[in-house]
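*Asks:* Shown below is the structure under consideration.
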């Protein structure tokens, strides 16, 4: 790792040394030609409404104001500005006048001699290398215009400029070879600058894909923003992207890259210094500046170029806060914050020099013009060293963590060995205690099972008792009717038998035949035999009806009392419900009306019929009791039982809905209704096992049971059987 540090330091030294050599060489070339900017030989032309179409005659006739600086600073507005350049003091036929700035968006130049216009030339877009035939930009980022090839006693140039950003107007006159030499020196410097940026960019991208630390990705974005800012300020967007200020994007490219550079700077600093943890106040403040950049972008897109340029410079002042934020992070123990502090301090110094030059405080020299590129190189190299040091720090922390982990592991192993001995003795004691408790629990469990079996048996016996009472009552009615009809039939039969005996006693030779027939007729009239025969017919019909009712009850009882064990068989749900209704009819005849609405569709399912009858009996009984508890008059109490066959896709099912208009249940009661031993009845009136048994039977049948109930509105149980 030491070799890498030496390499980084050597890279920094070489960068600064080469920059100094290039600037010194370029300065030597220019100083030999007497490089001077002509601001003190320039006059501002005071026009009422300056524009690109201002005529030469208007310029000549307008008032002028002398400019007393070498490089005048023009206001940051979208208005056109015209200046007059007095070249009478120069005797350089065939030379060129150069506007040494790439910040001009639109440029118009008039050349005149002895008050006569020689030519008018335009250079829109100072970032494109024009061909020689186009004249104004012959192999340079800076526009230049030819002077007359012959001497002139009154040589003047009128320069009109317009830009969407802060603009200086460095104007000088030099020969074509001197301008090419300076342009070449500048191109070499920025080629070296791009090379340094590319090396650091690739290096940190490799580190990002190696360690997957997002700091390196943000650093590469930050590097791109800084590098492009310096290149575009010098007009290299025309070379790199083929854009000039005549396009919509070209006019806004410097602004956009400024916003991008500012946002990536903030994101990188937040990530590198861990401001959210080390300095939360600065973290929130930087986030506010990111939002501010969003507002500046909106202003830019709305077309306010000069205003957005000023706002970008204002928001960029957040870079000053990096210094106290770095100090705060350093106090929290982040050593790499020192590199960030030094790097941004160096860059801010270069920015200060550049800004003072822009506002005319410092002279317009090579040192002030290229202060920001040199400062950005120093800054980015130092930040690369900081990120490299971060890897070393991570390795040291990882090594310490592994050592600490090993120490803790060894300590844990020793503690585990000691604890194992203690645990073995405690486990032995605890095992003996648990064995004793297990024996007690086993005994208690057996007692609970016996009690539970007894309760379940009581519930079954209660159902059987209810079943027996219903059967006895239902059978008693038709049997009593048959018995009373049989007695009446016997009396009628005796009367008919007496008549038949007298008829059989008559003979053809009986001398008293006529009197016997007369007596028989009187007897028949006395017995009203016609009425007796009609009564016999009615009695026989009643006996037959009673027998049929008894047969229906016996059939329902046979269906209800089927004992199928665990064997499933096909059964018709409608028949099961009818049989249950027959059994329960006498018990609930005076408590509520039970209405059956049975579907005519197929309701046959695989089930254990005897157990389903128990389910239906429990649910219908509970429904009837709920209507009684509601306090409603008998005419309003109703339990409605409905069946239907449902088809969902290719899956068929049979549904049974048992609904009552009784007291209903609240949510707490519904949540416990199927729990064993839970009951809402008075003590001694129920065991709380009925619905628990119902739920268990339905689960065995893979049937679902849904409950819908509201207090005072009633309850509906919906059972769905797979068909």
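In the numbering used here, the protein residues as written are 731 to 1453.
Using N, Cα and C, we set each Cβ at its ideal position, and we do this for glycine too.
Starting from residue 708, trace the beta strand (DSSP E) both ways and give me its first and last residue.
*Replies:* Outside the displayed range of the chain (731 to 1453) lies residue 708, so it cannot be described from this structure.
*Asks:* How is residue 960 classed by DSSP in three states: helix, strand or coil?
*Replies:* Helix, per DSSP.
*Asks:* Secondary structure at residue 1345, three-state DSSP: helix, strand or coil?
*Replies:* Reduced to three states, the DSSP call for residue 1345 is helix.
*Asks:* Note down the Cα distance separating residue 1174 from residue 1407, rounded to an integer number of angstroms.
*Replies:* Rounded to the nearest angstrom, the two C-alpha atoms are 18 Å apart.
*Asks:* So within the region 1352 to 1438, which uninterrupted alpha helix (DSSP H) runs reach at least 4 residues, ignoring any that extend past its ends?
*Replies:* Listed in chain order, they are 1397 to 1402 and 1420 to 1430.
*Asks:* Going by CA-CA distance only, name the one from 825, 788 and 936 that's closest to residue 890.
*Replies:* When each option's Cα is compared against that of residue 890, the closest is 788.
*Asks:* Could you tell me the distance, in whole angstroms, from the CA atom of residue 1230 to the CA atom of residue 1368?
*Replies:* If you take the alpha carbons of residue 1230 and residue 1368, they lie about 56 Å apart.
*Asks:* Near residue 1019, which residues of its chain fall below 8 Å by C-beta distance, leaving aside the five closest residues on each side in sequence?
*Replies:* Answer for residue 1019: 992, 996, 1045 and 1048, listed in chain order.
*Asks:* At which residues does the alpha helix (DSSP H) containing residue 1013 begin and terminate?
*Replies:* First-last of the alpha helix (DSSP H) with residue 1013: 1010 to 1031.
*Asks:* Quick check: what's the CA-CA separation for residue 1448 versus residue 1370?
*Replies:* Computed Cα separation, rounded: 12 Å.
*Asks:* How far does the beta strand (DSSP E) with residue 842 in it extend, from its first residue to its last?
*Replies:* Run containing residue 842: 836 to 843, per the beta strand (DSSP E) assignment.
*Asks:* Based on DSSP bridge pairs, tell me the residues matched to residue 795.
*Replies:* According to DSSP, which records beta bridges pairwise, residue 795 is partnered with 774.
*Asks:* Let me check one thing: in DSSP terms, what residues is residue 849 bridge-paired to?
*Replies:* Beta-bridge pairing links residue 849 to 841.
*Asks:* Figure out for me which residue from 1409, 1395, 1432 and 1423 has the closest Cα to the Cα of residue 1439.
*Replies:* Residue 1395 is the option with its Cα nearest to residue 1439.
*Asks:* Per DSSP, what kind of secondary structure is residue 833 in: helix, strand or coil?
*Replies:* If DSSP states are grouped into helix, strand and coil, residue 833 belongs with coil.
*Asks:* Out of 873, 1154, 768 and 1026, which one is the CA nearest neighbour of residue 799?
*Replies:* Ranking the options by Cα distance to residue 799, first place goes to 768.
*Asks:* Tell me the rounded alpha-carbon separation between residue 1159 and residue 1118.
*Replies:* One C-alpha to the other measures close to 60 Å.
*Asks:* Along the chain, where does the beta strand (DSSP E) that runs through residue 1451 open and close?
*Replies:* From DSSP, the beta strand (DSSP E) with residue 1451 extends over 1444 to 1452.
*Asks:* Which same chain residues end up closer than 8 Å to residue 844 when comparing Cβ atoms and leaving out the 5 residues on each side of it in sequence?
*Replies:* Answer for residue 844: 882, 883 and 884, listed in chain order.
*Asks:* What span of residues does the alpha helix (DSSP H) with residue 978 cover, start to end?
*Replies:* Looking at the DSSP string, the run of the alpha helix (DSSP H) that includes residue 978 is 978 to 1003.
*Asks:* Once the 5 residues before and after residue 686 are set aside, which same chain residues still bring their CB inside 7 Å of it?
*Replies:* Here the chain covers residues 731 to 1453 and nothing more, so residue 686 does not appear.
*Asks:* At the level of alpha carbons, what is the spacing between residue 1340 and residue 1362?
*Replies:* So the alpha carbons of these two residues sit roughly 33 Å apart.
*Asks:* Could you give the C-beta distance for residue 1453 and residue 1382, rounded to a whole number, given that I count them as a contact under 8 Å?
*Replies:* That pair is a contact at about 4 Å.
*Asks:* According to DSSP, is residue 1315 helix, strand or coil?
*Replies:* Correct three-state label for residue 1315: helix.
*Asks:* Under the three-state reduction of DSSP, which class applies to residue 939: helix, strand or coil?
*Replies:* Residue state, collapsed to three classes: helix.
*Asks:* Report yes or no: do three or more beta-carbon pairs, one from the region 1125 to 1144 and one from the region 1093 to 1109, lie closer than 8 Å?
*Replies:* The answer is no - the region 1093 to 1109 does not touch the region 1125 to 1144, with fewer than three Cβ pairs under 8 Å.
*Asks:* Can you tell me the Cα-Cα spacing of residue 1393 and residue 1427, whole angstroms?
*Replies:* Those two C-alpha atoms are separated by around 26 Å.
*Asks:* Which residues in the same chain have their Cβ closer than 7 Å to the Cβ of residue 909, if we skip the five residues on either side of it in sequence?
*Replies:* These residues qualify, in order along the chain: 826, 828, 870 and 874.
*Asks:* Terminal residues of the continuous beta strand (DSSP E) containing residue 904?
*Replies:* Taken as a continuous stretch (DSSP letters only), the beta strand (DSSP E) holding residue 904 covers 901 to 904.
*Asks:* By a C-beta neighbour count over all protein chains shown, 10 Å radius and 16 as the cutoff for buried, is residue 802 buried or exposed?
*Replies:* So residue 802 counts as buried.
*Asks:* In terms of DSSP beta bridges, what is residue 887 paired with?
*Replies:* According to DSSP, residue 887 bridges with 815 and 841.
*Asks:* My output table needs one value for residue 1265: the three-state DSSP class, helix, strand or coil.
*Replies:* Correct three-state label for residue 1265: helix.
*Asks:* Helix, strand or coil for residue 1040? Go by DSSP, reduced to three states.
*Replies:* Three-state result, residue 1040: helix.
*Asks:* Should the region 1296 to 1304 be called in touch with the region 1317 to 1335, which here means at least 3 C-beta pairs below 8 Å?
*Replies:* A contact exists between the region 1296 to 1304 and the region 1317 to 1335.
*Asks:* For residue 739, I'd like the list of residues in its chain whose CB is within less than 7 Å of its CB, leaving aside the five on either flank, ordered along the chain.
*Replies:* Any reading at residue 739 needs caution, since the residue's pLDDT is 46, under 50, leaving its predicted position unreliable; the model's value is listed next. There are no such residues.
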